[in-house]
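Colleague: Provided herewith is a single structure, encoded as structure tokens, for subsequent inquiry.
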Amino acid sequence: MVKMSETETPPFRYTAALAGEIELRWQAYWAENGTFQAPNPVGELADPAHPRAGAPKLHVQDMFPYPSGAGLHVGHPLGYIGTDCYTRFQRMAGFNVLHPMGFDAFGLPAEQYAVQTGTHPAVTTAANVERYKHQLRRLGLAYDERRSFSTTDPEYYRWTQWIFLQVFNSWFDPSVQKARPISELIEKFEATPEWADLTPAQRREQIDGHRLAYMSEAPVNWCPGLGTVLANEEVTPDGRSERGNFPVFKRSLKQWMMRITTYGDRLVEDLDSLDWPEPVKLMQRNWIGRSRGAHVDFPAGSDKITVFTTRPDTLFGATYMVLAPEHELVDSIAPGAWPNGTKDVWTGGYESPAEAITAYRAQAAAKTEEERTADGKVKTGVFTGAFAENPVNGARIPVFIADYVLAGYGTGAIMAVPGQDERDWAFAEVFQLPIIRTVEAPEDCEGAFTGDGPAINSEWLDGKEVVEAKAAMIAWLEENGKGSGATTYRLRDWLFSRQRYWGEPFPIVYDETGLPIALPDSMLPVELPDVDDFSPRTFDPEDADTEPETPLSRKKDWVQVELDLGDGPKMYTRETNTMPQWAGSCWYELRYLDPHNAEKLVDPANEAYWMGPRQPGDSGGVDLYVGGVEHAVLHLLYSRFWHKVLFDLGHVSSFEPFKKLFNQGYIQAYAYQDDRGFYVPAEEVVERDGEYFHGSQKVTRSYGKMGKSLKNVVTPDEMCDQYGADTFRVYEMAMGPLDVSRPWETRAVVGSQRFLQRTWRLVVDEETGASRVSDAPLDVKSRKVLHKVIAGVREDMAELRFNTAIAKLIELTNTLTPLPTVSREAIEPLVLMLAPFAPHMAEELWGKLGNSGTLAYADFPVADPAQLVADSITYPVQVNGKVRGRVEVSPETDEAEVRAAALEAVAEVIAGREPKKVIVVKGRLVSVVI
RNA sequence: GCGCUCGUGGCCCAACUGGCAGAGGCACACGGUUCAGGACCGUGACGGUGAGGGUUCGAAUCCCUCCGAGCGUACCA
Numbered sequence: 001m002v003k004m005s006e007t008e009t010p011p012f013r014y015t016a017a018l019a020g021e022i023e024l025r026w027q028a029y030w031a032e033n034g035t036f037q038a039p040n041p042v043g044e045l046a047d048p049a050h051p052r053a054g055a056p057k058l059h060v061q062d063m064f065p066y067p068s069g070a071g072l073h074v075g076h077p078l079g080y081i082g083t084d085c086y087t088r089f090q091r092m093a094g095f096n097v098l099h100p101m102g103f104d105a106f107g108l109p110a111e112q113y114a115v116q117t118g119t120h121p122a123v124t125t126a127a128n129v130e131r132y133k134h135q136l137r138r139l140g141l142a143y144d145e146r147r148s149f150s151t152t153d154p155e156y157y158r159w160t161q162w163i164f165l166q167v168f169n170s171w172f173d174p175s176v177q178k179a180r181p182i183s184e185l186i187e188k189f190e191a192t193p194e195w196a197d198l199t200p201a202q203r204r205e206q207i208d209g210h211r212l213a214y215m216s217e218a219p220v221n222w223c224p225g226l227g228t229v230l231a232n233e234e235v236t237p238d239g240r241s242e243r244g245n246f247p248v249f250k251r252s253l254k255q256w257m258m259r260i261t262t263y264g265d266r267l268v269e270d271l272d273s274l275d276w277p278e279p280v281k282l283m284q285r286n287w288i289g290r291s292r293g294a295h296v297d298f299p300a301g302s303d304k305i306t307v308f309t310t311r312p313d314t315l316f317g318a319t320y321m322v323l324a325p326e327h328e329l330v331d332s333i334a335p336g337a338w339p340n341g342t343k344d345v346w347t348g349g350y351e352s353p354a355e356a357i358t359a360y361r362a363q364a365a366a367k368t369e370e371e372r373t374a375d376g377k378v379k380t381g382v383f384t385g386a387f388a389e390n391p392v393n394g395a396r397i398p399v400f401i402a403d404y405v406l407a408g409y410g411t412g413a414i415m416a417v418p419g420q421d422e423r424d425w426a427f428a429e430v431f432q433l434p435i436i437r438t439v440e441a442p443e444d445c446e447g448a449f450t451g452d453g454p455a456i457n458s459e460w461l462d463g464k465e466v467v468e469a470k471a472a473m474i475a476w477l478e479e480n481g482k483g484s485g486a487t488t489y490r491l492r493d494w495l496f497s498r499q500r501y502w503g504e505p506f507p508i509v510y511d512e513t514g515l516p517i518a519l520p521d522s523m524l525p526v527e528l529p530d531v532d533d534f535s536p537r538t539f540d541p542e543d544a545d546t547e548p549e550t551p552l553s554r555k556k557d558w559v560q561v562e563l564d565l566g567d568g569p570k571m572y573t574r575e576t577n578t579m580p581q582w583a584g585s586c587w588y589e590l591r592y593l594d595p596h597n598a599e600k601l602v603d604p605a606n607e608a609y610w611m612g613p614r615q616p617g618d619s620g621g622v623d624l625y626v627g628g629v630e631h632a633v634l635h636l637l638y639s640r641f642w643h644k645v646l647f648d649l650g651h652v653s654s655f656e657p658f659k660k661l662f663n664q665g666y667i668q669a670y671a672y673q674d675d676r677g678f679y680v681p682a683e684e685v686v687e688r689d690g691e692y693f694h695g696s697q698k699v700t701r702s703y704g705k706m707g708k709s710l711k712n713v714v715t716p717d718e719m720c721d722q723y724g725a726d727t728f729r730v731y732e733m734a735m736g737p738l739d740v741s742r743p744w745e746t747r748a749v750v751g752s753q754r755f756l757q758r759t760w761r762l763v764v765d766e767e768t769g770a771s772r773v774s775d776a777p778l779d780v781k782s783r784k785v786l787h788k789v790i791a792g793v794r795e796d797m798a799e800l801r802f803n804t805a806i807a808k809l810i811e812l813t814n815t816l817t818p819l820p821t822v823s824r825e826a827i828e829p830l831v832l833m834l835a836p837f838a839p840h841m842a843e844e845l846w847g848k849l850g851n852s853g854t855l856a857y858a859d860f861p862v863a864d865p866a867q868l869v870a871d872s873i874t875y876p877v878q879v880n881g882k883v884r885g886r887v888e889v890s891p892e893t894d895e896a897e898v899r900a901a902a903l904e905a906v907a908e909v910i911a912g913r914e915p916k917k918v919i920v921v922k923g924r925l926v927s928v929v930i
């Protein structure tokens, strides 16, 4: 703890107490004056008198937080402080900066807390939001607070529901690869003769089958432990829920889906237009998992097995087929008895195909995903007893079932080409199946060859390289009606309904047909009703044979509702599912632009200004979006999808929501365990001789996330109390590059405090509080340093390199500290450059320098190019790679002169030998080779 | 297993993208100031860049192999 003796600390020293006083005062000033309000081009937030009205815009956003009950720890605001420093800089550099903050406030924790305590989630959420706002305000984050909202605000989720209706009322037209209003599809249907023969309900069903939001009875991820279904993206690879880690089962249930798969191509291709980290693009590409190839039909008795393959060129090498155990054709193709010549290994030891299939299915179903993975190298399967015909050469090939073929991908069936596929090779070895190479492999190649090469053993394809052979085979398949070129995706449609309370209600009701009806815009928002019991019915986490029951369904007087939807008042039944937590974060970047617009989601003029494309081909979108890499797939994929639907329907001019993405690193912390494995409070641990002690007890150190359970949480509030917000901000930005994770070290924070104290002391007399600044000009040498620092800081700020920018500011401060007089010429730019990092102190010093008001719109210093030219350059002179001498010359000296001077400087080393080569690198060094 | 990213003084990190390894901070040592501690002012020590090889006049930076760490992914046909 910092203890300051009252009698000895000078009254105007920059202590935590003084910092706290200054910070509160400036936070109040900014709030009262609306300092960080950004003007819109039109509407309620337009302000032609604003200093940045009509200026070039910059739209910077953080991934907004879920306001948890635990509040913030020092890791949370890292990105927020980063964007704050960046936007404060760009505002001073002349941009009209939009930097808003909101809250993603629907979600499970508030609901679970409500279940435990009976407190309404809205109450908990509001309290948490207030706490977050308070904590963020204390850090001096310069948000336009008029634009803040929570996704739980009815005025906000009214538009979330509105977008749902847009999606519901659209269909995807493959001929133009975009969404169109469903009314245009209905017109098409009405023009067909069959339409007249359909009943109204049949017509509705047909239309509903094309909507981008639709209901489907399909296998979904049912999580009894949570009492809800989950999206594929919310299920971990080992088949458990991402939240809560409960088992997840595949169950066929009727649920809302969004047709995100229709956007697969655009979601892949438009990644090229984005300035995103490559790993994130890669993760999205992998998740979408587009692969091009062909569908090929294999006749099997009276049935036809369609497979998907990326290697149609290897069809002549297909020596057997494999269906997923769940494939629908398995039972119909399997004969009653094993055919003659069936090998023993194929039967699994069973008497008949039916027995073998039943047993194998049971065995596959009993295995957990983990076991499957662990056994991954040993291929299992069983013969169905059936044969199929290879369509290219009529070969009779056996059909197996095996769990290495997944029901959910492609057609759930493959043609097996062991010569060119490692998995097929492994299976063929176990089941003694023939292997035919159809691509010429290198001499030393053992096992499957997946590389490039000329086709062999493939009749008319022989000699063709892979790419050419693929194209030729697809053409042949199409000509002969045996298949066609095809593209498949790993991406599945997005499961959009949840059996929870704390989410957006669907703006959907059902009539007596049981078919969904969209509520008109005028009935939005559909407000979440109060209920007594917030919990969905949960079950034994292991009991797959259970049915979801939504909290809203118990609210009978809400579920049954009388409405006039055009044909008089009638009773309807409300949808009782709610939307997933992603819904609110799918479009929030748009609402910041026009947060109070009651007529529109966002006024087109405001959207075009803040997010519209800047030049042809530009995607538009938020200029800089900062957040954790953990949202690489879920949030970023869903919001791209919604944005594209809104784009297709003409509601926005940008076709991507986030132009540039930046993943900030994480602040992690050490945790300490005693010999029983219990965590001890990290702040009580001391280090002695490389070992760690809690009291007298030795403890072991580990490294990881900050959290209550690890007893290593440090909060921004503690840092503000001990050092002040400005010191905390400077420390977080100085400790390393924004995108690198690093350990928190409280004892190092004092370095940032000393820096700010030194800067303060340059301007303020610690005894009297008066300014020490003089109008005397800066000395020539320090002036050079000043301008070098200005140039460097500007560059660093623009590239988000705050750690090096701060290092340069410290360097400048250290240069000024020993000088006999403190020159305004240096101090003013120093204060301005410090403002993005330590805004409160900078404002205070700006006032001490005789200015009034805020420096938020003051011009960021610009270096004088004349001052960036060095007086002289010292060239190190290398001889055979080693520095042997130096020459100092004026910057204008031409190369020949530098060379001559350099040779003279190392004449002794050269000792008369003739240099083989002399390299003069201008401004850097001279290298002599002898 | 595969893919990506990264290894620089005791620690957190710089190094103009091939040009004298060190900007900044923490910790440390010494001196000044101080009743003392802290703070402050000044001075200083510390590594040749994970290991090995290659390209080059010159490598922390480019290439190859290996070691280690982090992240992602896992039979996707």
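Taking my numbering, the leading residue of the first sequence gets 1, the next gets one more, and so forth.
Every residue, glycine too, gets a C-beta built ideally from N, C-alpha and C.
The structure presented is a predicted model; accordingly, all values stated were derived computationally and were not measured.
With burial defined as no fewer than 16 other Cβ atoms inside 10 Å of the residue's Cβ, what is the status of Ile414: buried or exposed?
Modeller: With 16 or more Cβ atoms within 10 Å of its Cβ, Ile414 is classed as buried.
Colleague: Would you call the region 429 to 442 in contact with the region 452 to 467, where contact means no fewer than 3 C-beta pairs closer than 8 Å?
Modeller: yes
Colleague: Are the region 732 to 745 and the region 655 to 675 in contact at 8 Å, needing three or more beta carbon pairs?
Modeller: Between the region 732 to 745 and the region 655 to 675 there are three or more inter-stretch CB-CB distances shorter than 8 Å, so the stretches are counted as touching.
Colleague: Can you find the residues in the same chain that come closer than 6 Å, C-beta to C-beta, to Ile508, ignoring five residues on each side of it along the sequence?
Modeller: Pro516, Glu575
Colleague: Look at the Cβ atom of Leu868, then the Cβ atom of Glu825, and state whether they are nearer than 7 Å.
Modeller: no
Colleague: One question on the structure: do Asp543 and Pro247 come within less than 7 Å of each other, judged by their Cβ atoms?
Modeller: no
Colleague: Where does Lys808 sit, in a helix, a strand or coil, going by DSSP?
Modeller: helix
Colleague: Take every Cβ of the region 119 to 128, pair it with every Cβ of the region 77 to 97, and state whether three or more of those distances are shorter than 8 Å.
Modeller: no
Colleague: Going straight from the alpha carbon of Pro915 to that of Ile930, what length do you get?
Modeller: 4 Å
Colleague: Arg88 lies in the beta strand (DSSP E); which residues open and close that run?
Modeller: Membership of Arg88 in any beta strand (DSSP E) is not indicated; the residue belongs instead to the alpha helix (DSSP H) covering 78 to 92.
Colleague: For Glu767, collect the residues of the same chain with a Cβ closer than 6 Å to its Cβ; drop the 5 residues on either side in sequence, then sort them by chain order.
Modeller: Pro10
Colleague: Since Phe662 is in the beta strand (DSSP E), which residue starts that stretch and which ends it?
Modeller: 661 to 663
Colleague: Taking the alpha-carbon of Glu892 as reference, which of Leu903, Glu468, Thr874 has the nearest alpha-carbon?
Modeller: Thr874
Colleague: Hey, could you find the ends of the alpha helix (DSSP H) Tyr938 is sitting in?
Modeller: For the chain, the structure presents residues 1 to 930; residue 938 sits outside this window and is missing.
Colleague: Helix, strand or coil for Gln878, going by three-state DSSP, please let me know.
Modeller: strand
Colleague: Given Cys445, which residues of its chain have a CB within under 8 Å of its CB, disregarding the five upstream and five downstream residues?
Modeller: none
Colleague: Output the distance between the C-alpha atoms of Ala469 and Ala386, rounded to the nearest integer angstrom.
Modeller: 29 Å
Colleague: Counting only runs of 3+ residues fully inside the region 635 to 712, write out the beta strand (DSSP E) ranges in chain order.
Modeller: 661 to 663, 667 to 673, 685 to 688, 691 to 694, 697 to 704
Colleague: Could you check whether Pro299 and Met957 sit closer than 7 Å to each other, using their CB atoms as the reference points?
Modeller: As displayed, the chain neither begins before 1 nor continues past 930, which places residue 957 out of reach and without an answer.
Colleague: CB-CB under 8 Å to Val909, same chain, minus the five flanking residues each way: which ones, in chain order?
Modeller: Val879, Arg884, Gly885
Colleague: If contact is defined by three or more beta carbon pairs under 8 Å, each pair taking one atom from either stretch, is the region 531 to 545 in contact with the region 174 to 190?
Modeller: Judged by Cβ distances under 8 Å, the region 174 to 190 makes no contact with the region 531 to 545, as fewer than three pairs qualify.
Colleague: Which residues mark the beginning and the end of the alpha helix (DSSP H) in which His840 is found?
Modeller: 839 to 848
Colleague: Alpha carbon to alpha carbon, how far is Ser752 from Leu855?
Modeller: 22 Å
Colleague: State the Cα-Cα distance for the pair Gly82 and Arg801, rounded to the nearest angstrom.
Modeller: 10 Å
Colleague: For Arg13, which residues from the same chain have a beta carbon less than 6 Å from its beta carbon, with the 5 sequence-adjacent residues on both sides left out?
Modeller: Glu766
Colleague: Using C-beta distances below 7 Å, list every residue in its chain close to Glu465, excluding the 5 sequence neighbours before and after it, in chain order.
Modeller: Asp452, Pro454
Colleague: Take the Cβ of Gly118 as the centre, count every other Cβ of all protein chains shown within 10 Å, and call the residue buried at 16 or more, exposed below.
Modeller: exposed
Colleague: Helix, strand or coil, according to DSSP, for Val330 in the structure here?
Modeller: helix
Colleague: Going by C-alpha distance, which of Val392, Ala395, Arg423 is nearest Leu406?
Modeller: The closest CA to that of Leu406, considering only Val392, Ala395, Arg423, is found on Arg423.
Colleague: Would you give the residue range spanned by the beta strand (DSSP E) that Ala294 belongs to?
Modeller: Ala294 -> beta strand (DSSP E) spans 291 to 300.
Colleague: So, helix, strand or coil for Met63, using DSSP?
Modeller: coil
Colleague: Round the Cβ separation of Phe647 and Ser639 to the nearest angstrom and send it over; I've been treating them as touching at under 8 Å.
Modeller: That pair is no contact at about 12 Å.
Colleague: Which whole-angstrom value describes the C-beta separation of Phe149 and Arg591, a residue pair presumed to lie in contact below a C-beta threshold of 8 Å?
Modeller: Yes, Phe149 and Arg591 are in contact; Cβ-Cβ is about 7 Å, under 8 Å.
Colleague: Can you list the beta strand (DSSP E) stretches of 3 or more residues lying completely in the region 863 to 919, in chain order?
Modeller: 873 to 879, 882 to 889
Colleague: Among Gly71, Arg913, Trp744, which residue has its Cα nearest to the Cα of Gly981?
Modeller: Given a span of 1 to 930 for the chain in the structure shown, any question on residue 981 remains unanswerable.
Colleague: When you compare only the Cα positions, how much space is there between Asp270 and Val686?
Modeller: The alpha-carbon atoms of Asp270 and Val686 are separated by roughly 52 Å.
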